[in-house]
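Visitor: Sending over a structure as structure tokens; questions will come in a sec.
In my numbering, the protein residues as written are 35 to 225.
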């Protein structure tokens with residue numbers, strides 16, 4: 035048994051069934067592993083959730099690093115790549131970003147390790163946006179990063195409910211508009 039394979043199956047179950055409803059038995063069934071093997075590594079659902087979210091965070095970090103280093107993409111393209119990734123997820127009936135929001139809802143105490151992990155991932159996503167906006171030298175990259183972050187978070191929240199490509203398209207268009215306005219302010223076109 036590869037831990038990463040089980041964590042990948044756990045993510046599928048968590049996305050499909052929700053965090054509160056997912057059990058070790060469900061993950062064992064999805065991973066085609068006996069329950070006692072799963073329990074050997076994860077004694078309860080919370081431990082599995084933490085490891086699955088950590089694994090998801092590592093995947094997201096690798097994804098951001100890959101695009102940050104891709105010189106064939108413009109900075110604007112790097113900023114919009116997350117919407118392409120969300121489209122791919124929806125097409126594959128996957129909604130991974132939403133798990134972090136759901137985790138914070140289930141574990142609202144900011145000192146809980148699951149909540150902290152989700153918060154750290156959200157901060158790294160904001161930092162990715164801010165770094166790219168700083169490279170673009172937009173007017174007030176901190177504010178623009180917050181604006182773009184709110185659009186992305188709104189999109190992820192809507193995906194929890196609707197799981198609709200239309201929401202991704204709307205969020206991407208809004209993020210593009212925010213970016214264009216920021217670039218116009220830099221050039222003095224908007225005062």
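For glycine and all other residues, C-beta sits at the position ideal for the given N, C-alpha and C.
1. Pairs of beta-carbons, one from the stretch 196 to 208 and one from the stretch 122 to 135, closer than 8 Å: are there three or more?
2. Given this structure, state the Cα-to-Cα distance separating residue 69 from residue 36, to the nearest angstrom.
3. Just mark residue 177 as buried or exposed, buried being the case when its beta carbon has 16 or more other beta carbons within 10 Å.
4. When we look at the beta-carbon of residue 74 and count the other beta-carbons within 10 Å, is it buried (16 or more) or exposed?
5. Just verifying my parser: in three-state terms, what is the DSSP assignment at residue 126?
6. Mapping DSSP to helix, strand and coil, what is residue 203?
7. Taking the beta carbon of residue 161 as the centre, do at least 16 other beta carbons fall within 10 Å, making it buried, or is it exposed?
8. Looking at the secondary structure, which residues open and close the alpha helix (DSSP H) in which residue 163 lies?
9. Mark residue 139 as exposed unless 16 or more other C-beta atoms lie within 10 angstroms of its C-beta, in which case mark it buried.
10. Do the stretch 199 to 208 and the stretch 132 to 146 make contact, defined as three or more Cβ pairs closer than 8 Å?
11. Taking only three categories from DSSP, how would you classify residue 66?
12. Against chain C, with Cβ distances strictly below 8 Å, would residue 121 count as a contact?
13. Given a threshold of 16 other Cβ atoms within 10 Å of its Cβ, counted over all protein chains shown, does residue 40 qualify as buried or as exposed?
14. In its own chain, which residues sit with a C-beta less than 7 Å from the C-beta of residue 44, not counting the 5 before and 5 after it?
15. Please report the straight-line C-alpha distance between residue 91 and residue 216, rounded to a whole angstrom.
16. Return helix, strand or coil for residue 174, following the three-state DSSP convention.
17. Who are the Cβ neighbours of residue 185 in its own chain at under 8 Å, not counting the five residues just before and after it?
Guide: A quick look at the data gives this:
1. yes
2. 15 Å
3. exposed
4. exposed
5. coil
6. helix
7. exposed
8. 147 to 170
9. exposed
10. no
11. coil
12. In the structure shown, chain C cannot be found, because there is only a single protein chain.
13. buried
14. 61, 82, 86
15. 29 Å
16. coil
17. 205, 208, 209, 212
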